[in-house]
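Novice:
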Amino acid sequence: MRHGKSFNHLGRQRGHRKSMLKNLSVSLIRHKRISTTLAKAKALRKYVEPVITFSKSNTTHGRRMAFRALQNKEAVKELFAEIAPKVANRPGGYVRVIRTGTRLGDNAETAIIELVDFNADYNPKEAVKKGRSRRGRRKKSGEVTAAAAAPEAKKEEE
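Have a look at this one:
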């Protein structure tokens, strides 16, 4: 029976589970996207979203609470410098879990967990604009291009 079991224990004892979630959250903050099992991704979402909320208020208390959860100075710096400005206007829901099928060895469900504001595929307004295409502009009817006008100019000169 699952009396009082309010979260997934992931088949680990408390210390192992906490250190695993810390390591996963540091990896997520550094790389912006990681691949793991679905159960770990869902547990990580519940762990890392409050940490990202701490970063929205750039105060000493927020930094200390984030360091308490992450135990990594570089990750805290990156959280407050890069991630916090992008999520400043977002009222929660900072990470996205995408199911990717099952793992070949043990048939475990796998997923990608990523920071929402750092994926250009889902944010078309923030996508980087590409350069000009190779086709160029279309001619209007009656307009002569420079390449087409060059042979005519040679004929006139002769």
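Quick note: the sequence shown, position 147, residue 152 per the working numbering, numbers continuous. The C-beta atom is built at its ideal place from N, Cα and C for all residues, glycine as well. Here the structure is a predicted model, which is why all the values come from computation and not from measurement.
#1: Quick check: what's the CA-CA separation for Gly106 versus Arg95?
#2: Given this structure, state the Cα-to-Cα distance separating Ala46 from Ala125, to the nearest angstrom.
#3: For Lys37 and Phe12, what's the separation of their Cα atoms in angstroms?
#4: Over what stretch of residues does the beta strand (DSSP E) that includes Ala116 continue unbroken?
#5: Assess contact between the region 104-121 and the region 70-82, defined as three or more Cβ pairs (one per stretch) separated by less than 8 Å. Is contact present?
#6: Spell out the partners DSSP gives Arg101 in its beta bridges.
#7: Could you tell me whether the Cβ atoms of Arg104 and Leu43 are closer together than 8 Å?
#8: Specify the secondary structure class of Thr41 as computed by DSSP and reduced to three states.
Specialist: To lay it out plainly:
#1: 29 Å
#2: 21 Å
#3: 24 Å
#4: 114-120
#5: no
#6: Glu119
#7: yes
#8: strand
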